[in-house]
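4 protein chains.
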Amino acid sequence: MYTNETKIRVRYAETDKMSFVYYGVYAQYYEVGRVELLRSLGISYKSLEENGFELPVVDFHIRYKKPAFYDDELTIKTTILELPSTKITFYYECFNSIGVLLNTGSVILVFVNSKTKKPCSPPKALLEKLNSQN
Amino acid sequence: MYTNETKIRVRYAETDKMSFVYYGVYAQYYEVGRVELLRSLGISYKSLEENGFELPVVDFHIRYKKPAFYDDELTIKTTILELPSTKITFYYECFNSIGVLLNTGSVILVFVNSKTKKPCSPPKALLEKLNSQN
Amino acid sequence: MYTNETKIRVRYAETDKMSFVYYGVYAQYYEVGRVELLRSLGISYKSLEENGFELPVVDFHIRYKKPAFYDDELTIKTTILELPSTKITFYYECFNSIGVLLNTGSVILVFVNSKTKKPCSPPKALLEKLNSQN
Amino acid sequence: MYTNETKIRVRYAETDKMSFVYYGVYAQYYEVGRVELLRSLGISYKSLEENGFELPVVDFHIRYKKPAFYDDELTIKTTILELPSTKITFYYECFNSIGVLLNTGSVILVFVNSKTKKPCSPPKALLEKLNSQN
Numbered sequence: 101m102y103t104n105e106t107k108i109r110v111r112y113a114e115t116d117k118m119s120f121v122y123y124g125v126y127a128q129y130y131e132v133g134r135v136e137l138l139r140s141l142g143i144s145y146k147s148l149e150e151n152g153f154e155l156p157v158v159d160f161h162i163r164y165k166k167p168a169f170y171d172d173e174l175t176i177k178t179t180i181l182e183l184p185s186t187k188i189t190f191y192y193e194c195f196n197s198i199g200v201l202l203n204t205g206s207v208i209l210v211f212v213n214s215k216t217k218k219p220c221s222p223p224k225a226l227l228e229k230l231n232s233q234n
Numbered sequence: 101m102y103t104n105e106t107k108i109r110v111r112y113a114e115t116d117k118m119s120f121v122y123y124g125v126y127a128q129y130y131e132v133g134r135v136e137l138l139r140s141l142g143i144s145y146k147s148l149e150e151n152g153f154e155l156p157v158v159d160f161h162i163r164y165k166k167p168a169f170y171d172d173e174l175t176i177k178t179t180i181l182e183l184p185s186t187k188i189t190f191y192y193e194c195f196n197s198i199g200v201l202l203n204t205g206s207v208i209l210v211f212v213n214s215k216t217k218k219p220c221s222p223p224k225a226l227l228e229k230l231n232s233q234n
Numbered sequence: 101m102y103t104n105e106t107k108i109r110v111r112y113a114e115t116d117k118m119s120f121v122y123y124g125v126y127a128q129y130y131e132v133g134r135v136e137l138l139r140s141l142g143i144s145y146k147s148l149e150e151n152g153f154e155l156p157v158v159d160f161h162i163r164y165k166k167p168a169f170y171d172d173e174l175t176i177k178t179t180i181l182e183l184p185s186t187k188i189t190f191y192y193e194c195f196n197s198i199g200v201l202l203n204t205g206s207v208i209l210v211f212v213n214s215k216t217k218k219p220c221s222p223p224k225a226l227l228e229k230l231n232s233q234n
Numbered sequence: 101m102y103t104n105e106t107k108i109r110v111r112y113a114e115t116d117k118m119s120f121v122y123y124g125v126y127a128q129y130y131e132v133g134r135v136e137l138l139r140s141l142g143i144s145y146k147s148l149e150e151n152g153f154e155l156p157v158v159d160f161h162i163r164y165k166k167p168a169f170y171d172d173e174l175t176i177k178t179t180i181l182e183l184p185s186t187k188i189t190f191y192y193e194c195f196n197s198i199g200v201l202l203n204t205g206s207v208i209l210v211f212v213n214s215k216t217k218k219p220c221s222p223p224k225a226l227l228e229k230l231n232s233q234n
């Protein structure tokens with residue numbers, strides 16, 4: 101298990117006429133969460149792609165408890181619970197600046213070989229980094 | 101049960117560097133799907149808000165099978181399976197122009213009284229329209 | 101000179117906490133405007149790219165007179181005033197459903213050969229179509 | 101004259117199928133730039149709104165020289181050159197992480213009294229802060 105926290109400031113563009121962060125914007129926040137988790141392990145998502153991996157999302161589920169508002173500084177807590185196979189699941193909790201849990205969710209991505217376009221094993225470096233955390 | 105189909109053309113802005121429609125964009129497509137379903141019942145989402153209702157999303161789940169690409173004309177098929185209580189669930193299927201199922205999902209919204217900010221019953225007009233479909 | 105009009109319905113996602121369409125969203129509306137202008141000439145922007153052209157934007161200017169609101173059905177009026185050279189300029193007017201002019205603008209794109217990444221002449225088909233309009 | 105720099109990491113969501121940051125996304129980056137400039141002066145944009153001001157954008161102009169790419173850490177350099185009247189102009193330069201100038205632009209906003217919806221003078225605190233910089 102490995103957890104990382106990253107902070108995101110809500111932009112005006114991300115609010116809607118209810119004054120809430122639009123429900124679809126969290127897909128971007130969760131993207132930032134998993135990219136920063138990987139960076140904290142020394143793995144750049146950009147270089148994964150440059151090394152022949154694509155990681156399309158196959159499943160996204162989010163439960164909204166409370167809204168986020170303009171200029172809130174949110175904490176995205178991203179967790180890997182299981183070692184990845186051809187798939188990797190990220191679990192999420194999103195908190196506002198006073199620690200209130202706003203939403204929880206999960207995103208499943210599949211490792212795809214960018215040449216063959218077939219599912220493939222995750223990069224060794226990722227497995228080694230995750231194994232070395234335990 | 102009530103179903104509506106609406107078409108959406110993929111914008112360049114909605115693609116990402118994988119050339120796929122970004123996974124978070126479907127939240128917008130699904131929004132359009134449910135708004136057009138309501139419009140086909142003679143109910144304007146905008147006037148719901150003007151009449152004192154807010155409908156925040158409390159749950160969003162989507163499973164991606166195939167990507168959509170730039171300029172694809174997608175069909176969003178939106179279905180209501182159960183009469184709404186304080187919550188309403190929309191079920192989704194998204195097809196490309198040659199009929200391939202790209203993703204399926206669901207969105208749950210809660211009816212909130214915009215003054216009291218408490219959950220409330222759905223508008224009578226909506227219940228009557230849905231009842232009259234059966 | 102060639103003009104095309106296309107209609108766009110404002111999405112909830114595109115509004116902000118002022119209840120206006122966010123000022124950056126018009127870049128997408130203008131994109132739709134020029135793509136539909138080209139389509140009305142029998143030219144698919146997608147196939148331009150498939151035929152070796154890239155069209156990055158080099159200049160975008162917009163003057164906002166009145167806001168657009170949720171669910172408004174906007175008309176994007178897109179005009180080509182001059183035959184393109186290595187650059188093409190689209191002029192825009194955006195109206196709401198009762199004919200009020202909301203904003204005006206222009207976007208300049210450059211034709212780039214996607215292999216050499218150098219500016220190039222526009223596709224002959226485009227020049228012929230535009231010439232045949234006069 | 102007053103200048104502030106803020107850094108923004110490019111999200112995957114913000115790229116398009118050309119692998120560039122979509123041209124409309126810079127409206128958001130520029131928004132972050134001016135909000136952080138104000139914050140550096142001790143002024144919260146959020147509290148401006150809470151104190152009865154609205155600041156709709158009336159003019160946005162951007163010239164693109166080079167593209168930004170996924171995961172780039174951009175520097176948004178935002179400058180106020182003139183004391184605001186009922187309008188305020190922000191000037192922008194956007195650089196990538198190796199100091200290459202990617203685009204330049206300007207955004208003009210108007211101070212509006214949120215009750216009367218009429219243009220109004222800027223907040224005194226803002227004028228005082230800007231005057232005290234010289």
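Residue numbers (my numbering), protein chains in the order written: chain A, 101 to 234; chain B, 101 to 234; chain C, 101 to 234; chain D, 101 to 234.
Think of the CB as a built atom: it goes at the ideal place given N, C-alpha and C, for glycine as much as any other residue.
Just the chain C side, please: which residues come within less than 8 Å of S119(A) by C-beta, in chain order? K117
At which residues does the alpha helix (DSSP H) containing V132(C) begin and terminate? Y126 to S140
Please decide whether A168(B) counts as near chain D, where near means a Cβ-Cβ distance under 7 Å. Chain D contact via Cβ: absent.
For Q128(D), count the other beta carbons within 10 Å of its own beta carbon; 16 or more makes it buried, fewer makes it exposed. Which is it? buried
Report the residue from S119(B), I143(B), K177(B) and S221(B) whose alpha carbon sits nearest the alpha carbon of N196(B). K177(B)
K238(B) versus V157(A) - alpha carbon distance: This structure leaves residue 238(B) out entirely; chain B is present only between 101 and 234.
How would you list, in chain order, the residues of chain B whose beta-carbon sits under 7 Å from the beta-carbon of Y112(C)? Per Cβ cutoff of 7 Å: E131.
With 16 other CB atoms within 10 Å as the buried threshold, where does G298(D) fall? An answer regarding residue 298(D) cannot be provided, because it is not within the stretch 101 to 234 covered by chain D.
Reference F120(A); option with closest CA among A168(A), H161(A) and F160(A): A168(A)
Measuring only between beta-carbons, confirm whether V157(B) sits less than 7 Å from chain A. yes
Please report the distance separating the alpha-carbon of S147(C) from that of V110(D). 28 Å
With a threshold of 7 Å between beta-carbons, can D171(A) be considered close to chain D, or not? yes
Under 7 Å from the C-beta of K146(D): neighbouring residues of chain A: Going along chain A in sequence order, the residues near K146(D) (Cβ under 7 Å) are Y170 and D171.
Go through its chain and collect everything with a Cβ distance to P219(A)'s Cβ below 7 Å, but skip five positions before and after it. T186, V210, F211 and V212
Quick one: what's V158(D) bridged to in DSSP? Answer is none; V158(D) lacks a bridge partner.
Determine the DSSP secondary structure at S147(B), reduced to helix, strand or coil. helix
Do K117(D) and T115(B) have their C-beta atoms closer together than 7 Å? Yes. Within cutoff.
Closer than 7 Å, CB to CB, is Q128(B) near chain C or not? Yes, Q128(B) counts as interfacial toward chain C.
Determine the burial state of N231(C): buried for a count of at least 16 other Cβ atoms within 10 Å of its Cβ, exposed for fewer. exposed
Name, please, each residue of chain B whose Cβ falls closer than 7 Å to the Cβ of E154(A). Residues of chain B passing the Cβ test: M118.
So, using beta-carbon positions, are I162(D) and Y126(D) closer together than 7 Å? It is a contact, given that the beta carbons lie within the stated cut-off.
Nearest to F160(A) by CA position, among L141(B), G133(B), G205(B) and T106(B), is which residue? G205(B)
Using the beta-carbon count (16 or more within 10 Å), is E150(C) buried or exposed? exposed
Select from D172(B), T175(B), C194(B) and V207(B) the residue whose C-alpha is nearest the C-alpha of I188(B). V207(B)
Straight-line CA distance for D171(A) to G152(A)? 37 Å
For L181(C), I'd like the list of residues in its chain whose CB is within less than 8 Å of its CB, leaving aside the five on either flank, ordered along the chain. M101, T189 and Y191
Cβ of Y191(B) within 7 Å of any chain D Cβ: no
How far does the beta strand (DSSP E) with E193(D) in it reach, from first residue to last? K187 to F195
Can you name, in chain order, every residue of its own chain whose Cβ lies under 6 Å from the Cβ of L141(B), other than the five neighbours on each side? Leaving aside the five residues that flank L141(B) on each side, the residues in its chain whose CB is nearer than 6 Å to its CB run, in chain order, K229.
Y145(B) versus E131(B): straight-line alpha-carbon distance, rounded: C-alpha separation (whole angstroms): 10 Å.
Return helix, strand or coil for E105(D), following the three-state DSSP convention. Shown here, E105(D) sits in a strand according to DSSP, grouped into three states.
Should Y164(A) and N104(A) be called a contact, given that it needs their Cβ atoms to be closer than 7 Å? no
Quick check on L183(B): buried or exposed, where buried means 16 or more other Cβ atoms within 10 Å of its Cβ? Counting Cβ neighbours within 10 Å, L183(B) comes out exposed, since fewer than 16 surround it.
Specify the secondary structure class of Y112(D) as computed by DSSP and reduced to three states. Helix at Y112(D).
Let's test the definition: count the other Cβ atoms within 10 Å of the Cβ of E173(C) and tell me whether it reaches 16, buried, or not, exposed. exposed
Do T175(D) and E136(D) have their C-beta atoms closer together than 7 Å? The Cβ-Cβ distance between T175(D) and E136(D) does not fall below 7 Å.
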